[in-house]
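Chemist: In numbering that gives the first Met the number 0, the protein residues as written are 0 to 430.
Glycine included, C-beta positions come from ideal geometry on N, C-alpha and C.
Quantities reported herein were computed from a predicted structural model and do not represent experimental measurements.
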Amino acid sequence: MTKKNPFQLLLGFLLGMGVAIMLLTSLPESPIQSAGAASPAGPQQWSRTGPFPVHEVYYPGTETLAPDEMRVVACGTGMPQPRLKQAAACFLVELGNGDKFIFDMGEGSFERIMALGIPLDQLDKVFLGHLHLDHAGDFPAFYFTGPVNNRLTPLRVWGPSGVKPEWGTKAWAGYMQKQWAWEKAGRGSAVDPRGLELEVNEFDWTGVNKVIYNENGVTIRSLPAIHLDQSVSFLLDWNGLRFAFSSDTLPNKWWREHATNADLSIHECFIPPQMMVERYGMAPSEAVMVGTQGHTAAQAFGKIMSLTKPKHAVCYHFQNDFDTQIVVAEEIRKTYDGPFDLAVDFMTWNVTKDGIRTRMAVPNHESFPAPPQRAKQPPDSMNAYKWTEFSLSGVEPESAAVTNALIDAFNKQNGTDIKPGLTGLPFKKKE
Ligand SMILES: [Zn+2]
Ligand SMILES: [Zn+2]
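In structure tokens, the structure reads:
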């Protein structure tokens, strides 16, 4: 071993420090960061060529969820009256343990979900608060077209029992299967049908704070809601965080008693009846009935939030525009002085024990399905579905020849040996 003199040691130290500093300064700043962490205070200098890592909006698919973080995305915040800006009720809850849950799935919400680019295998749990179309209308599309959107796992749905058995979630899912029997037979014969398995979990709609789901450290309870009968609200607890979702209800004693201490409390709330007369053309009695009895008036929303004191309140279920939001906010402020958001589609909340951060998501308007998470097993469609001779006899031969040439070229390009089914028929030798 050679002994180094003090000068050599100092030189070596300086060189080492230099290399370390160079390494540190040349590392690219990661655009992926947890949103739950508060933005660091004070002036900062970012690279002029690297990504700019402070996101005041949420870009789906770019942000790692911290192990103790919850993210909620509004995939529908509107009304039964369809509009481009707002789908009907739907909220996606993503947890740092990898679990994802969908609460309600009203009309128009499926395309919002798809715009987030999440593999559908990861979206296999749907909780329906009640079976109105503006809370469950997109479920059939989500379920039956799951396989064409690369869902290759069974779908699981939770929903309330009925005052009459035939009104409950189990019967509803059964009717749905019957109504779409042809869709299911045909779709399942062409694409991998594993995503067409459906697990229906019906629970007692009168259960108060009863556990209806308990897996992987996540507990979901239901509360009765007052919105006709057989409607419910949900409480999700995980890792010391609580998400409360009313679905549709009049403020009620069960919510008041059990939906306390929520980090994020999402409750329906309506525009005032006078505005419903003007905007919807409702008769006065109709507007009062729908806007204050069947649903929660904005002032009543404020009151129930004052009584339950969530860390952050969210009001949804109204056409949220530049003029309606002023009115709704003024109404809420008469009875509530805590923090709240007036939800609009793609509003996003990152929830941690340190607090809640609200941003708008930037959705992909030109989304394709996320890639399959498993190897596909498509069936032999010519055998999986029993064609009538009538359709088989109708294939036009000259167009079929063009299609067959296309399949030949595809086989050459991909090294496959796929035989035409229907378009091969005109060229089969007659026996
Ligand atoms: Zn409803
Ligand atoms: Zn509703």
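#1: Could you name the residues of the same chain whose beta carbon sits closer than 6 Å to that of alanine 172, not counting the 5 residues immediately before and after it, in chain order?
#2: Please give the ranges of any beta strand (DSSP E) in the stretch 158-240, keeping only runs that are unbroken, at least 3 residues long and fully inside the region.
#3: So which residues put a beta carbon under 5 Å from any heavy atom of ligand 2, going in chain order?
#4: By Cβ distance below 6 Å, which residues in the same chain neighbour alanine 243 in space, the five residues on each side in sequence not counted?
#5: Apart from the five residues on each side of it in sequence, which residues of its chain come closer than 7 Å, Cβ to Cβ, to tyrosine 384?
#6: Report all residues from its chain with a CB closer than 6 Å to the CB of proline 27; omit the five preceding and five following residues, and keep chain order.
#7: So serine 246 and glycine 128 are supposed to be a Cβ contact under 8 Å. How far apart are they, rounded?
#8: Decide if isoleucine 325 is buried, meaning its Cβ has at least 16 other Cβ atoms within 10 Å, or exposed.
#9: Nearest by alpha-carbon distance to aspartate 191: which of Arg373, Lys427, Gly167 is it?
#10: Using CA atoms only, rank isn't needed, just tell me which of Ser305, His364, Ala296 is closest to arginine 255.
#11: What first and last residue would you give for the alpha helix (DSSP H) that runs through threonine 61?
#12: Tell me which residues share the same chain as histidine 316 and place their Cβ nearer than 6 Å to its Cβ, disregarding the 5 neighbours each side in the sequence.
#13: With hydrogens ignored, establish whether the beta-carbon of histidine 131 is closer than 8 Å to any heavy atom of ligand 1.
#14: Count the other C-beta atoms from every protein chain shown that fall within 10 angstroms of the C-beta of arginine 111, then say buried if there are 16 or more, exposed otherwise.
#15: Just grab the DSSP bridge partners of lysine 124 for me.
#16: How should glutamate 365 be labelled, buried or exposed, when 16 other C-beta atoms within 10 angstroms of its C-beta is the threshold for buried?
#17: State buried or exposed for alanine 296, treating a residue as buried only when at least 16 other CB atoms are found within 10 Å of its CB.
#18: Leucine 22: buried (16+ other C-beta within 10 angstroms of its C-beta) or exposed?
#19: How would you call proline 370, buried or exposed, if buried means at least 16 neighbouring beta carbons within 10 angstroms?
#20: Just the Cα atoms here: how many angstroms apart are lysine 209 and lysine 84?
#21: Taking valine 147 as the reference, give the member of Arg193, Val327, Trp166, Ser390 with the closest Cα.
#22: Based on DSSP bridge pairs, tell me the residues matched to serine 245.
#23: Would the C-beta of histidine 226 count as close to ligand 1, meaning under 8 Å from any of its heavy atoms?
#24: Does leucine 421 come out as helix, strand or coil in the three-state DSSP assignment?
#25: For glutamine 229, I'd like the list of residues in its chain whose CB is within less than 6 Å of its CB, leaving aside the five on either flank, ordered along the chain.
#26: Tell me, please, whether the stretch 348-362 touches the stretch 284-304 by the rule of three or more beta-carbon pairs shorter than 8 Å.
#27: Given 8 Å as the limit, tell me if serine 221 has its C-beta closer than that to any heavy atom belonging to ligand 1.
#28: Between which two residues does the alpha helix (DSSP H) harbouring aspartate 340 extend?
Modeler: Taking the coordinates as given:
#1: Val199
#2: 197-202, 209-214, 217-224, 230-237
#3: Asp133, Asp247
#4: Leu234, Ala258, Ala261, Ser264
#5: Ala184, Gly185, Ser188
#6: Confidence is the limiting factor: at proline 27 the pLDDT is only 38, short of 50, which leaves the residue's position unreliable, though a coordinate-based value still follows. Cβ neighbours of proline 27 beyond the five flanking positions: Gly49.
#7: 2 Å
#8: A residue is called buried when at least 16 other Cβ atoms come within 10 angstroms of its Cβ; isoleucine 325 does not meet this threshold and is exposed.
#9: Ranking the options by Cα distance to aspartate 191, first place goes to Arg373.
#10: Ser305
#11: First-last for threonine 61: undefined, no H or E at that position.
#12: Glu267
#13: For ligand 1, at least one heavy atom lies less than 8 Å from the Cβ of histidine 131.
#14: It is buried - the Cβ of arginine 111 has at least 16 other Cβ atoms within 10 Å.
#15: Arg155
#16: exposed
#17: buried
#18: Low confidence applies to leucine 22: its pLDDT is 38, below 50, so where it sits in the model is not reliable, and the reading given next is rough at best. Exposed is the call here.
#19: Under this definition proline 370 is an exposed residue.
#20: 35 Å
#21: Checking every option, the nearest Cα to that of valine 147 belongs to Arg193.
#22: Serine 245 is not bridged to any residue.
#23: yes
#24: Secondary structure of leucine 421 (DSSP, three-state): helix.
#25: Pro159, Gly161, Val162, Trp204
#26: no
#27: no
#28: Premise fails: aspartate 340 lies in the beta strand (DSSP E), 339-341, not in any alpha helix (DSSP H).
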